[in-house]
Amino acid sequence: MVTADLKAVVEGLLLVADGPVRPDRIALALEIDVPQALAMLQELQAEYDSGERGFVLHLVDGGFQLRTRPEHAEWVRRFCKSRPFRFSRAALETLAIVAYRQPVTRAEIDYLRGVDSGGVVRTLLDKRLIRILGKKDIPGKPLIYGTSREFLELFGLHGLADLPTLKEFNDLPPDMLAAIDVSPEAQGNPEESAQS
Amino acid sequence: MPYQIDLDSFKGPLDLLLHLIKKNEMDIYDIPIAEITAQYLATLEVMKHLNLDVAGEFLVMAATLLHIKSRMLLPRDAEETAEEVELDPRVELVQRLLEYQKYIAAALSLDALPLLGRDVFVRSSPEVTEGEVEEAEWEPVGLFELVAAFRDLVQDNAEESFHEVDRERLSVTDRINQILAALAVRSSLAFTDLMVGVVCRSEVVVTFLAMLELVKMRLARLLQNGAGGPIWLYAVDDTGDGCPVQDEALGYS
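Same order as they appear, the protein sequences are chains A and B.
Numbers in our numbering are just positions in the first sequence, counted from 1, shifted up by 4.
Numbers in our numbering are just positions in the second sequence, counted from 1, shifted up by 8.
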């Protein structure tokens, strides 16, 4: 098959795919090698970017996915009659803590936020935005949490490295920074058993 | 002094403290602890007046503030100062506030990303494609999904076994060989298919163990399409119609 045709086929595959498509999946289906598949995906991506297209080819969790442009959100929402959803502040804070500090325990989240986060964590688990990674090998064996694939898809990130950089609030001035250990465990914050 | 407070908007004591610091244009690195404690307590008073449930966390923070205040009032023990590095009692609190502020900012920047289903959309919303589950990408099953599936099974097989059958002990080894035989015919089995004909809990457990052993011995693989999708047991091809498993190879009898 000619390369131009192949690229059209790839475009078709992207259209029918039900999630982000990794280059190796395309390579497998078209019996080409992965770098070639990746090259074509990137070509398509550039084409959509440059032309006045209503969609872009977005890199999500290592795969490519056709998505509408964020600047068209209003119109698409109106067309789909979908109501814009909002995250609660508690959910966003918790999600941010899990995203940037994973693997993280409930007790650490509670400590950082200064409030009990059990309900929020459960909701995020139900929405599959975070998942249980395992248990921490400390007394009480609390569960540890991390973000999920769904999290990357929702926020359109191609990996955790793609998270917005965490602004360092220029830490303490040196004279105050004497000798402090600020890991949550070191602050006499008893690890509760995260089993519930 | 009257305070105007939007009570609902405080997500917790740290949030309230940050608000007070910002409102009074205090230096976060040099918090006037007496002043902020007074304002903090006054806010709690207001909350009580309004019959709001003051969450325990707010009270803990009040205690912390008072503790810091008292430590700052007390003259320093000369010996202690000599031994330890002089530590501002406020350091831990400041550190927490800064850390919290950092995650508030992170939360905001997450929210600013184009969210799927809010700012950007894909061709069809995931919930519509219910009919084409087969097409979904296979992914390895996680431990916790497996545990959840097992829990469902045990619950389904609760106390249903009234009829007393002769106790025929099914060993893990037997079960492994049965599964292998079934896999030789069909090459893939649904997790729930494995349990067809299983009557009691112990058989569920034996079957589950057999399945785990198969995976451990790399004679089978567990795959699932999409989170929450059905779990499938796949034969690993290259072993072919291998030899039956011997008892001694396992820790079970």
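Think of the CB as a built atom: it goes at the ideal place given N, C-alpha and C, for glycine as much as any other residue.
Strictly by DSSP, which residues pair up with A:S139?
The residue asked about is misnamed: residue 139 of chain A is Lys in this sequence, not Ser. Residue pairing of A:K139 in beta bridges, as defined by DSSP: A:L147.
Opening and closing residue of the alpha helix (DSSP H) in which A:T127 lies
G122 to D130
Under a Cβ-count criterion, where at least 16 other Cβ atoms within 10 Å of its own Cβ denotes burial, should B:Q163 be classed as buried or exposed?
exposed
Pull the bridge partners of B:W240 from the DSSP assignment, please.
Partner(s): B:A198 and B:L231.
Beta-carbon separation of A:K140 and A:T109 under 8 Å?
yes
Own chain partners of B:R229 with C-beta closer than 7 Å, once the 5 adjacent residues on each side are dropped:
V223, Y242 and V244
For A:R126 and A:L133, what's the separation of their Cα atoms in angstroms?
10 Å
Are the beta-carbon atoms of B:T45 and B:L73 separated by less than 8 Å?
yes
Roughly how many angstroms lie between the CA atoms of B:F66 and A:Y149, to the nearest whole one?
26 Å
In three-state terms, what does DSSP make of B:I184?
The answer is helix: DSSP assigns B:I184 an H, G or I state.
DSSP three-state assignment for B:P148, whether helix, strand or coil:
strand
Have a look at B:L188, B:A71, B:V213 and B:L154 and flag the residue whose alpha-carbon is nearest the alpha-carbon of B:L178.
Shortest Cα-Cα distance from B:L178 to any of B:L188, B:A71, B:V213 and B:L154 involves B:V213.
Return no unless some Cβ of chain B is closer than 8 Å to the Cβ of A:E56.
no
Ignoring anything shorter than 3 residues, give me the beta strand (DSSP E) runs that lie fully in the stretch 48–103 of chain A, in order along the chain.
The qualifying runs are 59–64 and 67–72.
Between B:I112 and chain A, is any beta-carbon pair separated by less than 8 Å?
yes
How many whole angstroms separate the CB atoms of A:G160 and B:L121, which I take to be in contact at a CB cut-off of 8 Å?
6 Å
Looking only at its own chain, which residues have a Cβ that is under 6 Å from the Cβ of A:R26, when we skip the five neighbours before and after it?
G66 and G67
Quick check: the Cα distance between A:V119 and B:V99, rounded to an integer number of angstroms?
20 Å
Does chain B have any CB closer than 8 Å to the CB of A:K171?
yes
For B:G20, return the contacting residues in chain A, with the cut-off set at a CB-CB distance below 7 Å.
Going along chain A in sequence order, the residues near B:G20 (Cβ under 7 Å) are R117, G118 and V119.
Listed by chain order, chain A residues near B:E107 by CB distance under 7 Å
L116
Identity of the residues DSSP links to B:L124 by a beta bridge
B:V128
Option nearest B:F152 by Cα separation, candidates A:R57, A:E97, A:L42 and A:G138:
A:G138
DSSP three-state label for A:I134, please.
strand
Measuring alpha carbon to alpha carbon, tell me which residue in A:Q106, A:G123 and A:V80 is nearest B:D127.
A:V80
In terms of residues, what are the limits of the alpha helix (DSSP H) holding B:F216?
R209 to K224
With a cut-off of 8 Å on the beta carbons, I'd call A:V20 and A:E157 a contact; round off their distance for me.
At roughly 17 Å, the Cβ-Cβ gap does not stay under 8 Å, so A:V20 and A:E157 are not in contact.
For B:L3, which option in B:D38, B:I76, B:G205 and B:M225 has the closest C-alpha, if you only look at C-alpha atoms?
As shown, chain B starts at 9 and ends at 261. That puts residue 3 of chain B outside it, with no answer to give.
Short of 8 Å in beta carbon distance, which residues of its chain neighbour A:P168, apart from the five on each side in sequence? Order them along the chain.
none
Which residues does DSSP list as the beta-bridge partners of A:V108?
A:Y149
With a threshold of 8 Å between beta carbons, is B:V223 in contact with chain A?
So no, B:V223 is outside the interface.
Within a Cβ cutoff of 6 Å, which residues of the same chain sit near A:D9, ignoring the five residues on either side of it in sequence?
none
Is it a yes or a no for the stretch 100–119 of chain B touching the stretch 22–29 of chain B, going by three-plus beta-carbon pairs under 8 Å?
yes
To the nearest angstrom, how far is it from the Cα of B:A115 to the Cα of A:V124?
Each residue's alpha carbon lies about 14 Å from the other.
Look up A:V25 in the DSSP assignment and give the residues it is bridged to.
A:F68
Distance, B:G150 Cα to B:A157 Cα
11 Å
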